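K.L.:
First, the structure itself, so that you have it in front of you.
Residue numbers (the numbering used here): 36 to 136.
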């Protein structure tokens with residue numbers, strides 16, 4: 036007697052072959068490449084109201100607006116920190132050349 040394969044272990048071709056033989060096949064939906072996690076935040080009511088207004092103007096859910104604002108803000112902040120680090124390294128190199136290491 037052959038062991039049943041779990042759906043997670045079955046290839047799409049194997050599932051199709053079983054289906055073509057008249058077997059019932061449950062196929063798991065493909066996983067998204069960019070997986071996301073839920074992150075709860077405590078925000079002021081005014082912030083939530085502003086988020087709702089922006090979302091309504093854009094025609095998207097408030098969560099999509101909040102996600103985009105967070106992603107943009109984090110990207111900008113990381114970029115700013117990289118620029119500061121590069122500037123500090125440049126100053127350090129000039130200092131070492133001037134005064135020795």
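C-beta atoms are modelled at their ideal positions from N, C-alpha and C, and glycine is treated no differently. Since the model is a prediction, treat every value here as computed from it, not as a measurement.
Mind checking whether residue 47 and residue 60 have CB atoms under 7 Å apart?
P.N.:
One-based indexing of the chain shown puts residue 47 at position 12. One-based indexing of the chain shown puts residue 60 at position 25. No, these two residues do not count as a Cβ contact at 7 Å.
K.L.:
Should the segment 90–100 be regarded as contacting the segment 108–121, the criterion being three or more beta carbon pairs within less than 8 Å?
P.N.:
In short, these stretches do not touch, since the Cβ pair count stays below three.
K.L.:
I'd like the span of the alpha helix (DSSP H) that includes residue 128, first residue to last.
P.N.:
As a first step, residue 128 is located in the chain shown; it is residue number 93 there, counting from the start. Segment 97–134, the alpha helix (DSSP H) holding residue 128.
K.L.:
Give the secondary structure of residue 77 by DSSP, where H, G and I count as helix, E and B as strand, and everything else as coil.
P.N.:
Residue 77 sits at position 42 when you count from the first residue of the chain shown. Correct three-state label for residue 77: coil.
K.L.:
Could you give the residue range of the alpha helix (DSSP H) that holds residue 48?
P.N.:
In the chain shown, the residue the question calls residue 48 occupies position 13. 47–55 is the extent of the alpha helix (DSSP H) around residue 48.
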